[in-house]
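Engineer: In the numbering used here, the protein residues as written are 10 to 144. We treat Cβ as the ideally placed atom computed from N, Cα and C, and that holds for glycine. All of these numbers come straight from a predicted model, not from anything done at the bench. If you scroll down you'll find the structure; I have some questions about it.
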Amino acid sequence: KGQINIGSWEWTPPLIVTEITKQYLESAGYDVNFVQDEFVRDGVTNGNIDVYWDYTGSGITLWHGIPSRGVPQDPELVWEMIGELDGLHNDLTWLQYSSIDEAWVLMASHELYDGGMTTIDDLADYVRTNGDDSL
10 KGQINIGSWE WTPPLIVTEI TKQYLESAGY DVNFVQDEFV RDGVTNGNID
60 VYWDYTGSGI TLWHGIPSRG VPQDPELVWE MIGELDGLHN DLTWLQYSSI
110 DEAWVLMASH ELYDGGMTTI DDLADYVRTN GDDSL
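Set out below in structure tokens:
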């Protein structure tokens, strides 16, 4: 079917979804070449990479200079915004965003958890009650 050059940022979440994508494309009959490019975005804009996974929120701030406070909280709106901007300025297309979500999680010691801390509000209450140096 042809060759597709696929790239990735060098950290775990994008590497995982890139590998899944690579295996899927290979199973569909494509010859997939993983392109190591320190600046994966440059690889896409200069034509060395055909496809890669990126984050809509960070993409809109990094590639288009929109301050994070100006980025909508609605993922659909962010996807539409970056799609329009990259289509207009870079001739790039953002495919439909994935339902995959990378969630940041606050971790606590067993001691704090066993003491009833299960939310960030619990942590805030703990620090307010016990002082900043209590952790």
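#1: So I69 packs on V53, CB below 8 angstroms; how close in whole Å?
#2: Assess, as a yes-or-no matter, whether the segment 19-37 is touched by the segment 57-75 under the definition of 3 or more beta carbon pairs within less than 8 angstroms.
#3: Could you tell me the alpha carbon to alpha carbon distance between I91 and T65, rounded to whole angstroms?
#4: From the DSSP output, read off the bridge partner residues of N14.
#5: Closest to T30 by CA distance: which of L121, G140, I109, W72 is it?
#6: How about L94 and H73: do their beta carbons lie closer than 9 angstroms?
#7: When the Cα atoms are used, what is the spatial distance from L47 to S17?
#8: Given a cut-off of 9 angstroms on the beta-carbon distance, is the pair V41 and L34 in contact?
#9: Can you check the segment 28-100 for any beta strand (DSSP E) of at least 3 residues that lies completely inside it and give the ranges in chain order?
#10: In the DSSP assignment, find the unbroken alpha helix (DSSP H) run with A133 in it and report its ends.
#11: Taking buried to mean at least 16 other C-beta atoms within 10 Å of its own C-beta, is T27 buried or exposed?
Structural biologist: Considering the structure as presented:
#1: Not really, about 15 angstroms apart at Cβ, beyond 8 angstroms.
#2: yes
#3: 7 angstroms
#4: N42
#5: I109
#6: yes
#7: The displayed chain sequence assigns Glu, not Leu, to residue 47. Roughly 9 angstroms separates the two Cα atoms.
#8: yes
#9: 40-43
#10: 129-139
#11: buried
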